[in-house]
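Input: a single structure, listed below in structure tokens.
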Amino acid sequence: MALLNAAVTTQVNWQAVCQADDLVADSGVVVWLDGAQVALFYLPGQAQPLYAVDNRDPRSGANIIGRGLVGSVQGELVVAAPLYKQHFSLQTGECLEDGGQRLRVWPVRLNDGAVELAIA
Numbered sequence: 310m311a312l313l314n315a316a317v318t319t320q321v322n323w324q325a326v327c328q329a330d331d332l333v334a335d336s337g338v339v340v341w342l343d344g345a346q347v348a349l350f351y352l353p354g355q356a357q358p359l360y361a362v363d364n365r366d367p368r369s370g371a372n373i374i375g376r377g378l379v380g381s382v383q384g385e386l387v388v389a390a391p392l393y394k395q396h397f398s399l400q401t402g403e404c405l406e407d408g409g410q411r412l413r414v415w416p417v418r419l420n421d422g423a424v425e426l427a428i429a
């Protein structure tokens, strides 16, 4: 699969990280990808049901985002960090309370029962 940008074509490689059966509805699970902890959130019933963000909370430094509560703030799907309760967009990784904080996000998909993350 190739993602197209106006002037650049980039080949995307997909890495299987778990099975769809490992996901918990409306909650997070954490997987490893090349030494990084990635929090996966499965939100059935949403237009985009699967999100992947960095598990490391940039404020506390703790690997806890996967244990955060999922909800919405002004129509934006978010995860609330467990320690300081800041809200991160599941789509962009941006912290709604502090634009200087951000979570890395990964493209994610379900493919024949496997959850796959895009790696460059």
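In the working numbering, the protein residues as written are 310 to 429.
The C-beta atom is built at its ideal place from N, Cα and C for all residues, glycine as well.
Name the two residues that bound the continuous beta strand (DSSP E) containing residue 410. Looking at the DSSP string, residue 410 is not in any beta strand (DSSP E), and its letter there is neither H nor E.
Inspect the CB distances between the stretch 401-421 and the stretch 350-363 and report whether three or more fall short of 8 angstroms. yes
For the structure I just gave you, are there three or more beta carbon pairs, one from the stretch 332-345 and one from the stretch 393-401, closer than 8 angstroms? no
Compare the beta carbon distance of residue 402 and residue 387 with 7 angstroms and say whether it is the shorter of the two. no
Identity of the residues DSSP links to residue 336 by a beta bridge: 351
Determine which residues share a DSSP beta bridge with residue 342 and list them. 345
For residue 369, is the beta carbon positioned less than 6 angstroms from some heavy atom of the ligand ATP? As far as ligands go, the structure on display features none, and thus does not contain the ligand ATP.
Please report the distance separating the alpha-carbon of residue 384 from that of residue 400. 12 angstroms
Once the 5 residues before and after residue 406 are set aside, which same chain residues still bring their CB inside 6 angstroms of it? 395
Residue 374 burial status per 10 Å Cβ neighbour count (16 or more: buried): buried
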